[in-house]
């Protein structure tokens, strides 16, 4: 089947056309992915991911799109994404190893949400009373600075100052913790 008919068939959601495109290209892109990944299982996963993405985004295919370059570009992007993910995982595992040594904590404790939640509660309890109240109203209750000021009978500027000091406190106590600090801020502070 010619390229234009393949594109049109995919755009219309014809699964038999997807099967035909798969039969035409899966071995080629498997070899292409394998040449970079050096692992058959990972290369096979990339092939599956590429064809799933093509199917899921078929409506966006242009009538004059060329299938082969499209598939190779999608494969190249999937391989790049794979390496990025592996790099991130490696950095995280290295961080966990370093954090385990420096904090005398096990990896399970570091990845345990309960550990982070307890740390968060402990840090909140260390805030001065008014700052703690402003922080809780802002971050846990979701009130605006104006609403907090009205509720507590203080100026908006005072609310801003209290939040700035609370965030600086959290950053000082936990913000330099690399991935763990970033996770902490994402889950509890921001």
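In full-length UniProt numbering, the protein residues as written are 1 to 190. Where a beta carbon is used, it is the ideal one built from N, C-alpha and C, also for glycine.
In this structure, 46 is the residue among 127, 155, 55, 46 with its C-alpha nearest to the C-alpha of residue 83. Annotation: residue 65 is outside any alpha helix (DSSP H) and is labelled neither H nor E by DSSP. Residue environment for residue 75: buried (at least 16 other C-beta atoms within 10 angstroms of its C-beta). Cβ contact annotation for residue 163 (same chain, cutoff 7 angstroms, sequence separation greater than five): 134, 135, 138, in chain order. Scanning its chain for C-beta atoms nearer than 7 angstroms, with the 5 sequence neighbours on each side dropped, one finds around residue 169 the residues 127, in chain order. The beta carbon of residue 50 lies closer than 7 angstroms to those of 29, 71, 74, 75, 78 in the same chain, with the five residues before and after it left out. Annotation for residue 124: 132, 135, 136 place their beta carbon closer than 8 angstroms to its own, counting only its chain and skipping 5 residues before and after.
For the pair of segments examined, the segment 16-25 was found to touch the segment 51-65: the number of CB pairs separated by less than 8 angstroms reaches three. In this structure, the CA atom of residue 14 is about 31 angstroms from the CA atom of residue 35. The three-state secondary structure of residue 39, taken from DSSP, is coil. Counting along the chain, the unbroken alpha helix (DSSP H) around residue 160 starts and ends at 156-170. Inclusion of residue 160 and residue 146 in the CB contact set at 7 angstroms is not warranted, their separation being larger than that value.
Residue environment analysis places residue 31 among the exposed positions, since fewer than 16 neighbouring C-beta atoms fall within 10 angstroms of its C-beta. Of all alpha-carbon atoms in 33, 122, 62, 154, the one lying nearest the alpha-carbon of residue 80 is that of 33. Boundaries cannot be given for residue 173, as no alpha helix (DSSP H) includes it and DSSP labels it neither H nor E. Between the C-alpha atoms of residue 120 and residue 5 there is a straight-line separation of about 58 angstroms. In this chain, the alpha helix (DSSP H) harbouring residue 8 covers 3-11.
Rounded to the nearest whole angstrom, the C-alpha separation of residue 68 and residue 25 is 8 angstroms.
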